[in-house]
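Step one of this worksheet: look at the structure below.
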Amino acid sequence: MNKRLLLIFIISFFRLLSYSQATSLTIDCQTPGWLSSMINYEDQQTIRDLRVTGYINSSDLIFIGKLIKNHSLDGSLDLSDVEITPINKLDENAFRLSKSDTIRMIIMPKSLKNSYKCFNTSKSGHYLKVDTLIAGGEIMHKISQNCFTGPINCVVFREGTDSINNNAFDGMGSLESLQFPTSLKYIGKSSFRYCSNLSSMSLPPAVEVIEDNAFYETSYKPDTLYLPDSLRIYYTTAFPLKEHQVIYIPEHVTGISNWYKRYVNNSYWYYSIYLGSITQPEIHVKAIQPPAVSDFSGPEGYGVTSGESFQNMTIYVPKGTKEAYESTKPWSNATIIEDEVIPLSINIDKDSITLIPNEIIQLIANLAPENADTDILWNSSDNRVASVDASGIVTARNMGNAIIYARTTYGSDLCDSCFVTVVQPVEALSLEKHNITLNIDEEEQLYANILPVNASNKNITWSSTDLSIVEVDADGNVTAKKRGVAFVKATSEDNPLAVDSCKVTVNQPVTGVTLNHKNCELHQIGETLQLVATVFPEDASNKDVRWTSSNESVCIVSNGTVVAVGYGTSVIIVITDDGNYMATCTVTVVEEADLPGDVNHDGEVNVADINAIIDIILGGNVDNQTKERADVNGDGEVNIADINAIIDIIPTH
Numbered sequence: 224m225n226k227r228l229l230l231i232f233i234i235s236f237f238r239l240l241s242y243s244q245a246t247s248l249t250i251d252c253q254t255p256g257w258l259s260s261m262i263n264y265e266d267q268q269t270i271r272d273l274r275v276t277g278y279i280n281s282s283d284l285i286f287i288g289k290l291i292k293n294h295s296l297d298g299s300l301d302l303s304d305v306e307i308t309p310i311n312k313l314d315e316n317a318f319r320l321s322k323s324d325t326i327r328m329i330i331m332p333k334s335l336k337n338s339y340k341c342f343n344t345s346k347s348g349h350y351l352k353v354d355t356l357i358a359g360g361e362i363m364h365k366i367s368q369n370c371f372t373g374p375i376n377c378v379v380f381r382e383g384t385d386s387i388n389n390n391a392f393d394g395m396g397s398l399e400s401l402q403f404p405t406s407l408k409y410i411g412k413s414s415f416r417y418c419s420n421l422s423s424m425s426l427p428p429a430v431e432v433i434e435d436n437a438f439y440e441t442s443y444k445p446d447t448l449y450l451p452d453s454l455r456i457y458y459t460t461a462f463p464l465k466e467h468q469v470i471y472i473p474e475h476v477t478g479i480s481n482w483y484k485r486y487v488n489n490s491y492w493y494y495s496i497y498l499g500s501i502t503q504p505e506i507h508v509k510a511i512q513p514p515a516v517s518d519f520s521g522p523e524g525y526g527v528t529s530g531e532s533f534q535n536m537t538i539y540v541p542k543g544t545k546e547a548y549e550s551t552k553p554w555s556n557a558t559i560i561e562d563e564v565i566p567l568s569i570n571i572d573k574d575s576i577t578l579i580p581n582e583i584i585q586l587i588a589n590l591a592p593e594n595a596d597t598d599i600l601w602n603s604s605d606n607r608v609a610s611v612d613a614s615g616i617v618t619a620r621n622m623g624n625a626i627i628y629a630r631t632t633y634g635s636d637l638c639d640s641c642f643v644t645v646v647q648p649v650e651a652l653s654l655e656k657h658n659i660t661l662n663i664d665e666e667e668q669l670y671a672n673i674l675p676v677n678a679s680n681k682n683i684t685w686s687s688t689d690l691s692i693v694e695v696d697a698d699g700n701v702t703a704k705k706r707g708v709a710f711v712k713a714t715s716e717d718n719p720l721a722v723d724s725c726k727v728t729v730n731q732p733v734t735g736v737t738l739n740h741k742n743c744e745l746h747q748i749g750e751t752l753q754l755v756a757t758v759f760p761e762d763a764s765n766k767d768v769r770w771t772s773s774n775e776s777v778c779i780v781s782n783g784t785v786v787a788v789g790y791g792t793s794v795i796i797v798i799t800d801d802g803n804y805m806a807t808c809t810v811t812v813v814e815e816a817d818l819p820g821d822v823n824h825d826g827e828v829n830v831a832d833i834n835a836i837i838d839i840i841l842g843g844n845v846d847n848q849t850k851e852r853a854d855v856n857g858d859g860e861v862n863i864a865d866i867n868a869i870i871d872i873i874p875t876h
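Residue numbers (our numbering): 224 to 876.
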């Protein structure tokens with residue numbers, strides 16, 4: 224029975240241990256190369272979401288690769304606030320993976336200057352599979368060819384990214400959706416060519432150039448194609464077109480390249496007029512002046528002219544511009560109808576939000592025009608982290624990162640996104656010690672426990688109520704400065720209400736002690752001597768002392784008062800309670816012979832002895848020894864005769 228209970232206890236213990244292991248961690252690594260030592264072995268087995276800040280190097284990246292390869296890091300890897308020393312670059316050897324592993328989200332460093340095939344596992348020829356990649360920004364503002372290779376489903380470009388160069392993601396068949404920043408100005412030739420699964424994106428509103436073949440052979444074929452307002456030239460070969468498609472060409476477009484270049488018979492030929500190749504397209508042109516249209520024809524049997532391609536088209540133009548279009552070729556070959564249709568746009572009211580588990584927030588997607596005839600479809604990149612309902616209400620679930628998307632359901636597939644970070648807040652903070660005592664210049668380390676153990680931000684702010692008495696550094700190291708009492712307070716950086724304090728008493732230690740006498744003589748039994756002990760320094764915290772006599776048959780001592788109880792020598796000792804510092808005084812009790820006429824026994828014969836006899840004659844109460852000394856003439860009586868005897872003795876002294 225006992226063995227059974229023991230087995231149940233062991234199983235329960237290790238189950239509790241497994242529950243306490245972290246699945247989400249934030250590590251601030253200030254020393255490159257130390258990341259592996261900052262995550263204990265148990266957490267390495269269970270970590271799913273990892274955020275790293277500070278400074279890392281190649282060995283840290285290899286360690287992260289091992290977490291992905293051998294362990295459970297398959298959620299989100301957030302390196303946004305990391306600097307990779309020494310050059311802030313990534314290449315195909317960065318993570319050293321040896322097979323095709325999968326991770327839900329990777330957030331690349333904002334400080335990244337460049338990368339080259341950074342998800343290619345190099346020699347093995349395998350790639351890291353990434354659901355969502357967040358990259359680019361102010362520093363890496365140009366995305367070049369082969370920056371990122373591997374099966375990536377969604378790419379989100381940060382604000383600050385202004386260019387995606389030629390062939391950047393050419394042939395990445397896994398790519399399904401794109402999120403462009405408002406800062407993007409240029410999308411290069413064939414940059415997303417042959418991304419056959421790419422079907423979802425929101426074209427950046429400020430992009431000025433989308434080169435030909437940019438999205439050739441993708442699945443981005445919306446029923447209505449809204450071109451960005453700032454576009455200058457519309458390459459009809461930039462997007463795959465389809466029958467009965469509605470195309471909105473913005474007002475700032477000055478030219479339309481309506482041809483395709485192909486290598487035929489050892490020469491480049493221009494052929495296949497795209498606007499003319501789709502069946503019954505509906506073109507809405509917003510330009511006041513008719514844009515120029517390229518007019519090329521290829522070899523016999525291949526090409527048609529722009530004029531011919533416009534013959535079966537219906538062109539919708541702004542009100543008041545019909546005459547201009549009808550008088551301009553090749554527009555004059557089309558059927559011209561005046562129209563006021565305005566392209567749609569969608570914008571979520573928040574770019575990013577930070578929530579705690581179970582927190583709820585309403586996101587609002589604004590449409591332009593406001594009365595656009597479309598519904599909005601909301602979805603989350605990771606419902607395990609944050610979910611969203613049909614009205615845009617976001618509910619935080621677990622720690623991690625997710626992207627909330629809002630898409631139009633009618634016409635052009637417009638989309639906007641909001642980046643969601645779910646953090647575990649600090650609920651409580653407790654110090655391991657609440658009362659300590661130090662001497663001046665002594666130090667002690669205070670430690671604080673944060674609850675829950677998986678809190679996202681475990682940073683602590685330390686403070687002292689009196690810095691002249693106690694100082695405390697950013698790590699909780701306490702230094703005593705001067706005598707007194709102060710409180711050291713620990714406050715959670717994440718939750719100012721999570722506070723605890725420790726009372727610190729600072730003592731001034733004793734450095735020595737002295738006595739007001741070093742040597743003294745007493746001359747009769749019962750005589751007393753007052754010794755005074757002075758403890759140093761003056762502001763010593765504990766000035767208590769202990770008194771002892773080396774020979775209590777000669778002297779006894781209490782609180783510094785010495786009493787002679789016998790003849791001889793005794794050493795009076797005082798010892799401090801703090802530090803056991805010691806001082807001494809040697810006391811000698813001397814036995815002296817009686818002088819005739821020395822009635823008061825002070826060692827002299829003088830008028831004082833006459834006064835003592837008079838007191839006795841008048842009935843004064845004195846001891847027998849004094850009476851014996853007062854009978855100076857030895858006649859057995861104390862009277863005037865004894866006074867006369869003293870008068871006779873005085874001249875001899």
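Quick reminder that beta carbons are idealized off the backbone N, C-alpha and C, glycines included.
When the alpha-carbon of Arg607 is set against those of Pro580, Thr597, Tyr804, Ala613, the nearest one is in Pro580.
Ile869 counts as buried, since no fewer than 16 other beta carbons sit within 10 angstroms of its beta carbon.
DSSP places Leu300 inside the beta strand (DSSP E), whose first and last residues are 299-301. Counting along the chain, the unbroken beta strand (DSSP E) around Asn602 starts and ends at 599-603. Judged by beta-carbon spacing, Ser299 lies within the 8 Å limit of Asn624, meaning their Cβ atoms are closer than that value.
Cβ-Cβ separation between Ile569 and Asp639: approximately 5 Å, consistent with a contact (criterion under 8 Å).
According to the DSSP assignment, Ser687 belongs to the beta strand (DSSP E) that extends over 683-687. Judged by DSSP secondary structure, Ile285 falls within the alpha helix (DSSP H) whose first and last residues are 281-293. At the C-beta level, His507 and Ile479 stay beyond 8 Å of one another. Counting every other CB atom within 10 Å of its CB across the protein chains shown gives Ser442 a total below 16, marking it as exposed. Burial state of Lys552 is exposed, judged by a 10 Å Cβ sphere holding fewer than 16 other Cβ atoms.
Closest by C-alpha distance to Leu690, out of Leu674, Gly707, Pro675, Asn682, is Gly707.
DSSP places Ile866 outside any beta strand (DSSP E); the residue lies instead in the alpha helix (DSSP H), whose first and last residues are 863-872.
As computed with DSSP, Met328 is found in a beta bridge with Ser299, Thr355. Sequence-distant Cβ neighbours of Asp800 in its own chain, meaning closer than 6 Å and more than five residues away, are Asn765, Asp767. Taking Thr771 as the centre and dropping the five residues before and after it, the same chain places the C-beta of Ile796 closer than 6 Å to its C-beta, in chain order. A Cβ-Cβ distance of about 14 Å is found for the pair Ile836 and Asp871, leaving them out of contact under the 8 Å criterion.
For the stretch 755-834, the full-length beta strand (DSSP E) segments reaching 3 residues or more read 756-759, 768-772, 778-781, 784-787, 791-799, 805-812 along the chain. Within the DSSP secondary-structure output, Asp698 pairs in no beta bridge. In this structure, the alpha-carbon of Asp717 lies about 45 Å from that of Glu761.
In this model, Arg327 and Ala588 are separated by some 25 Å (Cα to Cα). In this chain, Gln534 is not harboured by any alpha helix (DSSP H), its DSSP state being neither H nor E.
The Cβ atoms of Gln368 and Asn388 lie closer than 8 Å to each other.
Going by DSSP, Asn847 is part of the alpha helix (DSSP H) stretching over 847-853. The alpha carbon of Gly383 has as its nearest neighbour, out of Gly396, Ser295, Gly359, Ile683, the alpha carbon of Gly359. For Glu546, the uninterrupted alpha helix (DSSP H) run begins and ends at 545-549, by DSSP. Between the alpha carbons of Glu431 and Leu454 lies a distance of about 4 Å. Residue burial is scored here from C-beta neighbours: Thr477 has fewer than 16 other C-beta atoms within 10 angstroms and is therefore classed as exposed. Remark: C-beta atoms of Val693 and Ala709 approach each other more closely than 8 Å. Within a 10 Å sphere around the beta-carbon of Arg769 sit fewer than 16 other beta-carbons, which makes this residue exposed.
When C-alpha distances from Ser397 are compared across Thr254, Thr688, Val729, Ser423, the shortest belongs to Ser423. Residue pairing of Val516 in beta bridges, as defined by DSSP: Ile479. For Glu505, the uninterrupted beta strand (DSSP E) segment begins and ends at 505-508. Taking 8 Å as the cut-off, the Cβ atoms of Leu661 and Val727 count as close.
About 13 Å separates the beta carbon of Arg274 from that of Thr246, a gap too long to meet the 8 Å contact definition. In the DSSP annotation of this structure, the continuous segment of the beta strand (DSSP E) that includes Tyr458 starts and ends at 456-458.
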